[in-house]
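J.:
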Amino acid sequence: MPDGQTAVARVQEAFPQTVMQVGSMHGVPMLRLHKQDVPAVARYIHTDPQVLGSLSLLWAVDHRPREARYELCYLFTLAERKDWLLLSSDLAGGEREFASITPVVHAAKWYEREIRDLFGLIPVGHPDMRRLVRHEHWPKGSHPLKKDFVWDQVLERVQGEYAYRKMHGDGVFEIPVGPIHAGVIESGHFRLSVAGEPILQLEVRHFWKHRGVEKLFEQQRLTEAVPLAERVSGDTSVGHSVAYCQAVETLLGMTVPPRARYLRSLFLELERLHNHIGDVGAICNDTAYALAHAHCGRLKEQLMQLNDRLTGSRFLRGVNRVGGVVLDLSGPQLSQVDAELHAIEREFVEIETILFANASLTERLENTGVLSEHTAWDHAVMGVVGRASGVDRDLRRDRPFAAYHECQPKVAVYRYGDVRARMRVRLDEVHDSIRLIHTLRRQLPTGPVVALSVDPPTPGQWAISAVEGWRGEILYVVMAGEEGRIHRCKVRDPSFVHWPAIQWAAVGNIVPDFPLINKSFNLSYAGNDL
Amino acid sequence: MFRIIKKSLSTGVVTGHYPAVKSPSEPVSREAIEKAKPFRRSLTIREVDTGSCNACEMEMNALTNSIYDVERFGVHIAASPRHTDALVVTGPVTVNMERALKDVYKQTADPKIVIALGDCAINCGVFKGSYAVTGPVERHIPVDVRIAGCPPRPAEILAVLDMLRGARTEADK
Chain A
1 MPDGQTAVAR VQEAFPQTVM QVGSMHGVPM LRLHKQDVPA VARYIHTDPQ
51 VLGSLSLLWA VDHRPREARY ELCYLFTLAE RKDWLLLSSD LAGGEREFAS
101 ITPVVHAAKW YEREIRDLFG LIPVGHPDMR RLVRHEHWPK GSHPLKKDFV
151 WDQVLERVQG EYAYRKMHGD GVFEIPVGPI HAGVIESGHF RLSVAGEPIL
201 QLEVRHFWKH RGVEKLFEQQ RLTEAVPLAE RVSGDTSVGH SVAYCQAVET
251 LLGMTVPPRA RYLRSLFLEL ERLHNHIGDV GAICNDTAYA LAHAHCGRLK
301 EQLMQLNDRL TGSRFLRGVN RVGGVVLDLS GPQLSQVDAE LHAIEREFVE
351 IETILFANAS LTERLENTGV LSEHTAWDHA VMGVVGRASG VDRDLRRDRP
401 FAAYHECQPK VAVYRYGDVR ARMRVRLDEV HDSIRLIHTL RRQLPTGPVV
451 ALSVDPPTPG QWAISAVEGW RGEILYVVMA GEEGRIHRCK VRDPSFVHWP
501 AIQWAAVGNI VPDFPLINKS FNLSYAGNDL
Chain B
531 MFRIIKKSLS TGVVTGHYPA VKSPSEPVSR EAIEKAKPFR RSLTIREVDT
581 GSCNACEMEM NALTNSIYDV ERFGVHIAAS PRHTDALVVT GPVTVNMERA
631 LKDVYKQTAD PKIVIALGDC AINCGVFKGS YAVTGPVERH IPVDVRIAGC
681 PPRPAEILAV LDMLRGARTE ADK
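Protein chains in written order, with our numbering: chain A, 1 to 530; chain B, 531 to 703.
Here it is, written out as structure tokens:
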């Protein structure tokens, strides 16, 4: 299996007639192609058994006012060594159309619809041209990420209706759910087509919570946008802020001091812990097993109170800054973390034993909401959901960041892809997180926690950053603009990839299991809608 | 079975095990207390998310865990606006959620109170000005109580609910 560079050579070999420029950006091999050649090359990278690239990110940039062109970038993660390979192509001048790669790379589906909505560029050949982000009441021609779109304008409201995918047949009816749900959860719409109890089709329609995050980033300075990154998805405040900070640090050529890297890893693991424990409880709650929910809720609350004592924020907000971390943890604080985690792990083991002794719980979880390995691959699924479906990917091991070079996680992989597997991944990761935190604390180097600031980068430079948050891979692409401002910031929460996949996991299950399946994915609506 | 009982016994009662908080920065207005009076010792809440980052939802959920246990004060979380006395709204109101919020408000039976939870619901927070945000909650529906914070801690939310409740018991005397 090839690394990035050999993959580039293989692509060149396979397409001798195609004109391409080979380059690299911060160590990521990059191929610049003519836009009409992209689908063929993307297909080759995605399907060739020697390369097997899975689409990790697809984003567009409006280069105005410096240059009158749009750029489309396709980031692939190669199967074996998890190297990255980047394709890019230009739409110069007044061009508005580009060839869709969705027919050959399924994972591009939502990305291309998103680009159509936000940039007004048309993916020709895309099988689904309905609007995604801009709901039907948005006026025609309002494409927020175009540089001539004023960020704080007031949009007028027009008439329009979304065309849901219809299912016909005897006894088939639709159950609309949302945007406002019965529980205390975020807003989103699910349309279930059912015949009796079994779900025949699930359609997810989101973006109710679209707040214009990417445009808001463009109004900020590189070094000052951390609070916004923390509020992309509140439950992943650390994941998003670390990902953002790393991208900016690469741009500014900063070296983060070792102690700050360790503390970042520690905060990431604390965030993973309270979310995973909460999720285990919530999954049990959706099978009406209130006892486990109560115990897990209690442990989660203990962890959040610990976060509050350590940093003054239950969500660990305000700990990261560009160049390092804002606050250092003292010796007594770290001992407190150690002691508390020992107690929590002891309790968690007891709760696990209680869980798996309960057949009525485990039977609800087994074979429910199966996301097959094949579907997972097609959707380029990763993170907790991916690892439960046999996708052996974890950025902490594959592209180590923060302190994970020196402190490697054990990656939990299960193959069944059902609710139980997703719960098992979380259970294993809880134990591993606690182990990692103990190790991080033991190895914690001394020294400063913040790097000195450097001059702003040249406009047009950009950097990609990837962080394994507790849900999965969080990707940020940050491009520098004039005078230290942000020209473009692409944010990709793992939820954006997993929402289309959940549509397939629900098919064939009964309606009462849908909340359970949804909970086992536990995706962010805010991080998806942006 | 014995394992479960043993675990429950060794855990004991955890309700109320949280650090005390300072009283809320913005006191609950007399009008709001007056308005909350009909709900006496039972207040049913419907939570509506109009574009939050989901941290406020997590804190609302935390209210129902065994440590805060909001139900001991007669506060319930309902699944439908039709069963509700109070709407708790989180997040700035996005362009896409504006209509849903107004619909929910209409569906909620009178008398009702509206609680804006978190900085975004009060003043749009970091999302202020965006093309996709139409403004704070009070631009669309009348707001009676504001709970500031990003996000407010569960104990802080509880303190405000307490004030609404406390006023009622005083009036009962």
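For every residue, glycine included, the Cβ atom is placed at its ideal position computed from N, Cα and C.
Since the model is a prediction, treat every value here as computed from it, not as a measurement.
Taking CB distances under 8 Å as the criterion, tell me whether residue 294 of chain A reaches chain B.
T.: With 8 Å as the cut-off, residue 294 of chain A counts as an interface residue toward chain B.
J.: Taking C-alpha atoms, which residue in A/9, A/26, A/29 and A/34 lies nearest to residue 533 of chain A?
T.: Outside the displayed range of chain A (1 to 530) lies residue 533 of chain A, so it cannot be described from this structure.
J.: Where are the alpha helix (DSSP H) runs, 4 residues long or more, that stay fully inside the region 367–454 of chain A, in chain order?
T.: Qualifying alpha helix (DSSP H) stretches, in chain order: 373–378, 383–388, 395–398 and 419–443.
J.: May I have the straight-line CA-CA distance separating residue 211 of chain A from residue 581 of chain B, to the nearest angstrom?
T.: In a straight line, the C-alpha of residue 211 of chain A is about 7 Å away from that of residue 581 of chain B.
J.: Check each candidate in A/353, A/163, A/464 and A/219 and name the one with the smallest Cα separation from residue 145 of chain A.
T.: The residue with the shortest Cα to Cα distance from residue 145 of chain A is A/219.
J.: I'd like to check one pair, residue 62 of chain A with residue 15 of chain A: are the Cβ atoms closer than 8 Å?
T.: No, these two residues do not count as a Cβ contact at 8 Å.
J.: Checking the sheet assignment: what are the DSSP bridge partners for residue 663 of chain B?
T.: Answer by DSSP bridge pairing, in chain order: B/624.
J.: For the ligand GDP, is there any heavy atom lying closer than 7 Å to the beta carbon of residue 599 of chain B?
T.: Although the ligand GDP was asked about, the structure shown includes no ligands whatsoever.
J.: Can you list, in chain order, the residues of its chain with a C-beta nearer than 8 Å to that of residue 352 of chain A? Leave out the 5 residues immediately preceding and following it.
T.: Correct list, in chain order: 427.
J.: Just grab the DSSP bridge partners of residue 606 of chain B for me.
T.: According to DSSP, which records beta bridges pairwise, residue 606 of chain B is partnered with B/574.
J.: Between which two residues does the beta strand (DSSP E) carrying residue 29 of chain A extend?
T.: Residue 29 of chain A -> beta strand (DSSP E) spans 28–33.
J.: Examine chain B for any beta-carbon lying closer than 8 Å to the beta-carbon of residue 151 of chain A, and answer yes or no.
T.: Chain B contact via Cβ: present.
J.: Could you list which residues in chain A have their beta carbon closer than 7 Å to that of residue 534 of chain B, in chain order?
T.: Correct list: 291 and 354.
J.: Can you give the beta carbon distance from residue 588 of chain B to residue 235 of chain A, rounded, assuming they're within the 8 Å contact cut?
T.: Yes, they are in contact, since the Cβ atoms of residue 588 of chain B and residue 235 of chain A sit about 6 Å apart, within 8 Å.
J.: Residue 675 of chain B by DSSP, collapsed to three states: which one?
T.: Strand.
J.: Within 10 angstroms of its Cβ, does residue 339 of chain A collect 16 or more other Cβ (buried), or is it exposed?
T.: Under this definition residue 339 of chain A is an exposed residue.
J.: Between residue 253 of chain A and the rest of its own chain, which residues show a CB-CB distance below 6 Å, the 5 nearest in sequence each way excluded?
T.: So the qualifying residues of the chain are 454.
J.: Decide if the region 639–650 of chain B is in contact with the region 678–686 of chain B; the criterion is three or more beta carbon pairs, one per stretch, under 8 Å apart.
T.: Short answer: they touch.
J.: Check the C-beta distance from residue 247 of chain A over to residue 324 of chain A and give it rounded, since I have them as a contact under 8 Å.
T.: With 8 Å as the limit, residue 247 of chain A and residue 324 of chain A do not qualify as a contact, their Cβ atoms being about 15 Å apart.
J.: Return no unless some Cβ of chain A is closer than 8 Å to the Cβ of residue 692 of chain B.
T.: No, residue 692 of chain B does not count as interfacial toward chain A.
J.: Ignore the nearest five residues each way along the sequence and tell me which others in residue 177 of chain A's own chain have a CB closer than 8 Å to its CB.
T.: Counting only Cβ-Cβ distances below 8 Å, and skipping sequence neighbours, we find 189, 190, 191 and 192.
J.: If we count the other Cβ atoms within 10 Å of its Cβ and call it buried at 16 or more, is residue 482 of chain A buried or exposed?
T.: That one is exposed.
J.: Hey, does residue 682 of chain B have any beta-carbon neighbour from chain A nearer than 8 Å?
T.: Answer no: the Cβ-Cβ gap between residue 682 of chain B and chain A never drops below 8 Å.
J.: Hey, would you say residue 58 of chain A sits closer than 8 Å to residue 112 of chain A, going by beta carbons?
T.: Yes, the pair counts as a contact, with Cβ atoms nearer than the cut-off.
J.: Using only the alpha-carbon positions, how far apart do residue 499 of chain A and residue 568 of chain B sit?
T.: Rounded to the nearest angstrom, the two C-alpha atoms are 42 Å apart.
J.: DSSP three-state call for residue 56 of chain A: helix, strand or coil?
T.: Strand, per DSSP.
J.: Any Cβ of chain A within less than 8 Å of the Cβ of residue 615 of chain B?
T.: Not one chain A Cβ lies under 8 Å of residue 615 of chain B.
J.: Report the partner residues of residue 324 of chain A according to the DSSP bridge assignment.
T.: According to DSSP, residue 324 of chain A bridges with A/321 and A/450.
J.: Distance, Cα to Cα, residue 359 of chain A vs residue 226 of chain A?
T.: Looking at the two C-alpha atoms, the distance is approximately 46 Å.
J.: Which term fits residue 702 of chain B, buried or exposed, when burial requires 16 or more other beta carbons within 10 angstroms of its beta carbon?
T.: For residue 702 of chain B, the predicted model reports a pLDDT of 44, less than 50, meaning its position is unreliable and no value from the coordinates is stated.
J.: On the three-state DSSP scale, how would you describe residue 654 of chain B?
T.: It is coil, neither helix nor strand.
J.: Residues in the same chain with beta-carbon distance under 6 Å from residue 643 of chain B, minus the five sequence neighbours each way, listed in chain order, please.
T.: Same-chain partners within the cutoff: 565, 566, 616 and 674.
J.: What residues from the region 539–551 of chain B come within 9 Å of chain A, judged by C-beta to C-beta, listed N to C?
T.: Correct list: 540, 541, 544, 547, 548 and 549.
J.: Which residue from B/597, B/637, B/600 and B/579 puts its Cα closest to that of residue 618 of chain B?
T.: The candidate whose alpha carbon is nearest that of residue 618 of chain B is B/579.
J.: Does DSSP classify residue 523 of chain A as helix, strand or coil?
T.: Coil.
J.: Below 9 Å on C-beta distance, what does residue 140 of chain A contact in chain B?
T.: The contacting residues do not exist; residue 140 of chain A stays about 15 Å from chain B at best.
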